[in-house]
Amino acid sequence: MATNATVVNSDNTVSNTTVVQFNPASQLPIKLAGSHNFTTWKAQVSMLMHGHNLFGHLDGTLAAPPTTLTENNQSTPNPAYQIWFRQDQLVQNAILASVEPTLASTVAIAPSAHKAWTSLHTAFANKSQTRIISLQDQLARITKDSRPVTDYLRDIRSIADELATAGAAITNVQLIVRILQGLGSEYKAISAAIRSRETTISYEELYEKLLDHELFLKHEETKQTAPITVAMAQRNNQQPSSNNNNRRQSNNNSQGSQPWRNQSARDQSNPSQWRRRNQQQQTKDNPLRCQLCDRPGHSAKVCRSQSHNHFQARANFASHQQDPWVVDSGASHHIITDARNLAAHQDYNGSEEISMGNGNTIPISHTDYGVQQIINALANRFSLKDLGQLNYFLGVEVLPFSGGLLLSQQKYVDDILHEANMQDSKGVPTPMSSTTILNVKKGDPIVDASRFHTIVGKLQYLSFTRPDIAYTVNKLSQFMHCPQTPHWKAVKRLLRYLNHTSSFGLRITRESDNRLLVYSDSDWAGDPTDRTSTTGYVTYLGSTPISWCSKKQRSVSRSSTEAEYRAVAAALAETNWLTNLLRELRFHLKAIPRILCDNVGTTYICENPVFHSKMKHIAIDFHFVRDQVQRKEVEVKHLHSADQVADVLTKPLPRASFSRMFDKLGVADIHTNLRGRKRDRLGQICQAVAKQKQDQGFDFRHPYKTC
């Protein structure tokens, strides 16, 4: 941000008339903490000042002009000095904001930016030479050892970059030589080949060659160690009971006596005789007596009666014990070759077989019965029963039809109307008048506030299946602390609308288009009380709305673009949660989610990577949305205002606009979506189910409360 002015000095030279303002938080992210990062901090500040042509304020070449101008023996303030002084203070403030609090006093007491710069340079520049010597010593001592090539090269490159920043850069040849010197003996071949080149190899090419050689070494090591492992595994299978005593006898027989071979063969045919002879030999040679079993010939550490495995030495042989855990493959029917891996199984006497891909079939020998056995045991103990197809849950009626499901709360609506004495009221086409303005300070307090609280609280639960009343319910909920007569009139109008649409519910269709589509909108400064905006969004999976929201924003937005951007950020947060939920349910989306917004400025901000200084107050929302757009996890597109479905969640709409958006919200009449006997017997089904639930103690007026 800059302020322009034109000033002419007495010597007819035009001074620098632009005052540059800084944002140290974003332009100077590295804070000076001491001599260890002075070089990096100095380069950061120098580049910023050179970019604005203000480095003269630091090195003193841009001296201060005279404070006053004398003309006709009259002294007047010099405008050029005022501009210079303002700019010098801003430069000094940028330096002050980019140092740690322990060093702030050094900058604060300086009379100018040049003095502050000189003080810091005097305090830490000499110490930076010590830092250069330390880095060069680290570079000379670093070796690869057993680390991967990537870690070794990263450390060397990091030290080289620090030296370059400190003003002691090393050449490419010196860097290559240092890398080759730190390699181990296994890299002698490739090191000799690189040294014999006529042209100098680049760092990037050396990086690739070392990675390839590292993979080659790993492959050769695998080929050499694999046969040894197999041989040890085979010997372990042949002699699983070998111990230290066997090794002692074989060592004593290393002279190759032929009678001992015959005796060994006889002992193998008679193991008990061999053990007695071996024990007698040990008793003669070793006078030790075990403290655990009180037998001579061995110590407690190698006692065979000791069951603790940590007393016994074990060879590093391959294990042949089969893992009892079987990884779930995600298939619908699981097959295994070993019946011991089944916790509970029984013989299979059926005629079904498993068909293989080559046309052969495999017979089934065992089947698991643990799950069904647990179900039967629980049913016998707790009198469980299968409830059959879902038709009622927490006051929500589930009605299947050919295209999907209908979620209706008609009985719940009838109870609310009966409690408010509005069951015979005249219906209205919209839940709220578009000309109604609700205010906290307008109207008289109602006599029975508890009645207002009860009905509005029940309407909040009704909005779970009725997105068409979400905005009105949210608006009325804002006056729960002090309901007025206009608020009660708005409640009665909403009840008249519900009486007119009591048979409507949420339509959930069976979709093949697995895409998330989000409509986001905001009503800028729509609240007359505090001029906050209202956020509204609705999320579709295919053509079915699965999530919607209408709520006030926490702060006042200074432009419609800001309000729309906050709404997009809120919609994106909900979209991320839904995406993770669908991923955990193994429901794969065909494309990345798309957010539709009717504000052109908001879509430009989402696509433009430049962060404007006027958007600092929404920086969190900016980075939250922008980062995911850059990673191609979501896309934000423009939508015409006439097609914005979320508009019904931000403000009261006229009758024509509300009717046009009504069908897009997924709200439909349950009578028109049911056919044949389902439609004819709908009333009978509702009455029968309601009576059954009431007999079980279910209270439709309070879905979470039972008698």
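Going left to right, the sequence shown walks through residues 1 to 707 as UniProt numbering numbers them. In this text, a Cβ means the ideal position worked out from N, Cα and C, and glycines have one as well.
Residue i burial status per 10 Å Cβ neighbour count (16 or more: buried)
i	result
H219	exposed
S216	Inspection of the sequence shows that residue 216 is occupied by Phe rather than by Ser. When all chains shown are included, F216 counts as exposed.
T472	buried
R507	buried
H548	Before going further, note that residue 548 is Trp rather than His in the sequence given. That one is buried.
D415	buried
R131	buried
G505	buried
E198	exposed
Q258	Because Q258 carries a pLDDT of 44, less than 50, the predicted location of this residue cannot be relied on, and no value is offered for it.
I362	exposed
M356	exposed
M480	exposed
C293	exposed
Reference residue i, options the options, closest by Cα
i	options	result
Q628	F658, T361, T575 and E584	T575
L180	L163, A168, Y203 and A169	Y203
S402	V518, E352, A63 and R510	R510
residue 718	H588, K489 and F479	Because residue 718 is not part of the residues shown, which for the chain are 1 to 707, the question remains open.
Q129	A164, L387, I335 and V398	A164
S550	T579, S502 and Q460	Q460
K144	I156, S134, L48 and I133	I156
L175	Y187, D448, L120 and Y152	Y152
I30	E564, K188 and S46	S46
E162	T199, A63, Y207 and T39	T39
S98	N37, R147 and L139	N37
E635	V413, S657 and N608	N608
W41	I95, D59 and L653	I95
S146	E214, L572 and N172	E214
V177	A449, S191, L653 and G167	S191
S502	P66, P431, V518 and W524	P431
V440	C482, H418, R583 and R566	C482
R655	K475, E419, V428 and E397	V428
H121	G34, L210, E353 and Q410	G34
Three-state secondary structure (DSSP) of residue i
i	result
S254	At S254 the pLDDT is 42, less than 50, meaning the model places this residue with poor confidence; the figure from the coordinates comes in the next sentence. Three-state DSSP puts S254 in coil, outside helix and strand.
R507	strand
F464	coil
V19	strand
residue 730	Here the chain comprises residues numbered 1 to 707, so residue 730 is not present and cannot be evaluated.
Q373	helix
D513	coil
P654	coil
P363	strand
D137	helix
E71	strand
D267	Legend: pLDDT at D267 = 47, less than 50; position of this residue unreliable, no value from coordinates given.
G457	helix
L32	strand
Q484	strand
D347	strand
residue 724	Lying outside 1 to 707, the shown extent of the chain, residue 724 is not represented and no answer is given.
P296	strand
N244	Legend: pLDDT at N244 = 44, less than 50; position of this residue unreliable, value from coordinates given subsequently. Three-state DSSP puts N244 in a helix.
T143	coil
F393	strand
T532	coil
First through last residue of the beta strand (DSSP E) which encompasses residue i
i	result
I595	R594 to C597
E419	Careful: E419 lies outside any beta strand (DSSP E), inside the alpha helix (DSSP H) at Q410 to E419.
P111	No beta strand (DSSP E) holds P111; DSSP gives it neither H nor E.
L399	V396 to F401
D444	D444 -> no beta strand (DSSP E), and no H or E assigned at all.
S355	E353 to S355
According to DSSP, residues forming a beta bridge with residue i
i	result
H638	C597
C549	Y537
S520	Y537 and C597
G404	F401 and T509
Run of the alpha helix (DSSP H) containing residue i, from where it starts to where it stops
i	result
L572	S560 to E584
L90	P79 to A97
I194	K188 to R195
V173	N172 to Q181
A668	Not the alpha helix (DSSP H): A668 falls in the beta strand (DSSP E), residues V667 to D669.
T472	A470 to S477
L58	G56 to D59
Q27	P24 to Q27
Residue i at chain D interface by Cβ criterion, 9 Å
i	result
S503	No chain D is present in this structure, which holds just one protein chain.
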